[in-house]
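Asker: Those letters in the sequence shown? Residues 1457 to 1741, per this note's numbering, in order.
Pasting a structure below so you can have a look.
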Amino acid sequence: MTLGQEFSTYAVMLKEDMSRLTEAAVLIREINLGATAIGTGITAHPEYAQTALKSLNRITGIELVTAPNLVEATQDCGAFVHVSSVLKRIAVKLSKICNDLRLLSSGPRAGFGEINLPPMQAGSSLMPGKVNPVIPEVVNQITFAAQGGQLQLNAFEPVIASALFRSFKHLTSGYLTLGEKCVNGITANHDRLGQNIEQSIALATALNPYIGYKASTSVAAEAHAKGRTIRQVVLRRQLLTEAQLEEALRHEALISPRACAASPDCIKTPHVGPRDAAPVDCEST
1457 MTLGQEFSTY AVMLKEDMSR LTEAAVLIRE INLGATAIGT GITAHPEYAQ
1507 TALKSLNRIT GIELVTAPNL VEATQDCGAF VHVSSVLKRI AVKLSKICND
1557 LRLLSSGPRA GFGEINLPPM QAGSSLMPGK VNPVIPEVVN QITFAAQGGQ
1607 LQLNAFEPVI ASALFRSFKH LTSGYLTLGE KCVNGITANH DRLGQNIEQS
1657 IALATALNPY IGYKASTSVA AEAHAKGRTI RQVVLRRQLL TEAQLEEALR
1707 HEALISPRAC AASPDCIKTP HVGPRDAAPV DCEST
């Protein structure tokens, strides 16, 4: 998995909810002016609703619409619930993204250290050079508040609106701050990423089509037990040639589906390693 794949996933996650916010905006634009007490419109002038609607649209610049059923619109606050739920979805996803950024930037030696966050301030008066992920942390705090909000449906719609406006304000502030002061300045730690790939036991998974599941499991176990890399164990056991191993562990081949039979080096020929690690027929995998 590349950093590009990871960050594009974050973009898709948030883009989905931008679409949901657009859908919610359609519902929230419905108004019930002219409904009078319970939605019947009794005592209101027949043209009142449309006249008031035109005035509101002119004043606000928003394309409001009169609800098709005024009785339903008067008693149902579901549109507010829908908007609130979308905001909570965004908060949960932003929190998850910030947690990932904090973890990926942890280090430089005792953590992942795969990305570098832009330093915003001195991290510690005790430890020189310490950099804290302050922007992801502050967005975490904002999203915790948004996730913890409770929406009470009652007659006091101004209270509901006030709570939603606060959520919008906080999430918008956090969203923009995260992008401008953190995400835009993130860089990849290429050396550390390369080391993590080379030392990963998970590379044994890529060997399945070449030497089979059983042999791949054995390679992974030895690499873990003896502190070796997958590459070192495979070459020591002579399970694959260097050229075949390079083909199997190409970075490009590890991040997307591939048909084993399409590889010219896919092992369908007599094997060079021990009999217990005999290769499998690619077409059967």
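Using N, Cα and C, we set each Cβ at its ideal position, and we do this for glycine too.
Computed from a predicted model, the values in this text were never measured in an experiment.
Report buried or exposed for residue 1571, applying the criterion of at least 16 other Cβ atoms within 10 angstroms of its Cβ.
Answerer: In the sequence shown, counting from the first residue as 1, residue 1571 sits at position 115. Answer is buried; the Cβ neighbour count reaches 16.
Asker: Looking at the structure shown, is residue 1499 part of a helix, part of a strand, or coil, going by DSSP?
Answerer: Position 43 of the sequence shown, counted from the start, is the residue given in the question as residue 1499. Three-state result, residue 1499: coil.
Asker: Classify residue 1465: buried if its beta carbon has 16 or more other beta carbons within 10 angstroms, exposed otherwise.
Answerer: Against the sequence shown, residue 1465 aligns to sequence position 9. Looking at its Cβ environment, which holds fewer than 16 other Cβ atoms inside 10 Å, residue 1465 is exposed.
Asker: How about residue 1526 and residue 1500: are their beta carbons less than 7 Å apart?
Answerer: Taking the first residue of the sequence shown as 1, we reach residue 1526 at position 70. Taking the first residue of the sequence shown as 1, we reach residue 1500 at position 44. No, the pair does not count as a contact, with Cβ atoms beyond the cut-off.
Asker: Applying the criterion that 16 or more other CB atoms from any shown protein chain within 10 Å of the CB defines a buried residue, is residue 1713 buried or exposed?
Answerer: Indexing the sequence shown from 1 puts residue 1713 at position 257. So residue 1713 counts as exposed.
Asker: Within 10 angstroms of its Cβ, does residue 1608 collect 16 or more other Cβ (buried), or is it exposed?
Answerer: On the sequence shown, position 152 is the one that residue 1608 refers to. In this prediction, residue 1608 has a pLDDT of 42, which is less than 50 and means its spatial position is unreliable; what the coordinates show is noted afterwards. Burial call: exposed.
Asker: Any chance you could list the alpha helix (DSSP H) runs of at least 4 consecutive residues sitting entirely within the stretch 1498–1573, in chain order?
Answerer: For the stretch 1498–1573, whole alpha helix (DSSP H) runs of length 4 or above, ordered along the chain, are 1504–1516, 1526–1531, 1534–1560.
Asker: Taking only three categories from DSSP, how would you classify residue 1662?
Answerer: Position 206 of the sequence shown, counted from the first residue, corresponds to residue 1662. Residue 1662: helix per DSSP, three-state reduction.
Asker: Determine the burial state of residue 1511: buried for a count of at least 16 other Cβ atoms within 10 Å of its Cβ, exposed for fewer.
Answerer: Position 55 of the sequence shown, counted from the start, is the residue given in the question as residue 1511. So residue 1511 ends up on the exposed side.
Asker: Mind checking which residues open and close the alpha helix (DSSP H) that includes residue 1707?
Answerer: Taking the first residue of the sequence shown as position 1, residue 1707 is located at position 251. No alpha helix (DSSP H) holds residue 1707; DSSP gives it neither H nor E.
Asker: Okay, do the stretch 1619–1634 and the stretch 1652–1668 touch, 3+ Cβ pairs below 8 Å being the bar?
Answerer: Too few Cβ pairs lie closer than 8 Å, so no.
Asker: Could you pull the DSSP bridge partners for residue 1644 from this structure?
Answerer: Along the sequence shown, read from residue 1 onward, the residue named residue 1644 stands at position 188. Answer is 1571.
Asker: So, residue 1537 versus residue 1480, is the Cβ gap smaller than 7 Å?
Answerer: Locating residue 1537 in the sequence shown gives position 81, counting from the first residue. Locating residue 1480 in the sequence shown gives position 24, counting from the first residue. No, Cβ-Cβ distance for residue 1537 and residue 1480 is not below 7 Å.
Asker: Exposed or buried, what is residue 1643 when buried is set at 16 or more other beta-carbons lying within 10 Å of its beta-carbon?
Answerer: Counted from its first residue, the sequence shown places residue 1643 at position 187. Exposed.
Asker: So what does residue 1486 bridge to, in DSSP terms?
Answerer: Here residue 1486 corresponds to residue number 30 of the sequence shown, with the count starting at 1. Note: residue 1486 sits in a beta bridge opposite 1521.
Asker: Between which two residues does the alpha helix (DSSP H) holding residue 1684 run?
Answerer: One-based indexing of the sequence shown puts residue 1684 at position 228. Note, residue 1684: premise wrong, no alpha helix (DSSP H); not H, not E.
Asker: Give me the residue from 1591, 1562, 1694, 1675 with the minimum Cα distance to residue 1551.
Answerer: Locating residue 1551 in the sequence shown gives position 95, counting from the first residue. Answer by Cα proximity: 1591.
Asker: Kindly list the residues whose CB is nearer than 6 Å to the CB of residue 1648, restricted to its own chain and excluding five residues on each side of it in sequence; keep chain order.
Answerer: Sequence index remark: in the sequence shown, residue 1648 carries index 192 (1-based). Cβ neighbours of residue 1648 beyond the five flanking positions: 1569, 1570.
Asker: Helix, strand or coil: which one does DSSP assign to residue 1668?
Answerer: As a first step, residue 1668 is located in the sequence shown; it is residue number 212 there, counting from the start. Residue state, collapsed to three classes: coil.
Asker: Considering only C-alpha positions, which residue in the set 1533, 1516, 1564 is nearest to residue 1616?
Answerer: For this step, residue 1616 is matched to residue 160 along the sequence shown. Taking only the C-alpha atoms, the option nearest residue 1616 is 1533.
Asker: Please state whether DSSP places residue 1587 in a helix, a strand or coil.
Answerer: If you number the sequence shown from 1, residue 1587 lands on position 131. In the structure shown, residue 1587 sits in coil (DSSP, three-state: anything other than H, G, I, E or B).
Asker: Under 7 Å Cβ to Cβ from residue 1530, same chain only, skipping five residues before and after it: list those, please.
Answerer: Locating residue 1530 in the sequence shown gives position 74, where the first residue counts as 1. Counting only Cβ-Cβ distances below 7 Å, and skipping sequence neighbours, we find 1488, 1491, 1494, 1495.
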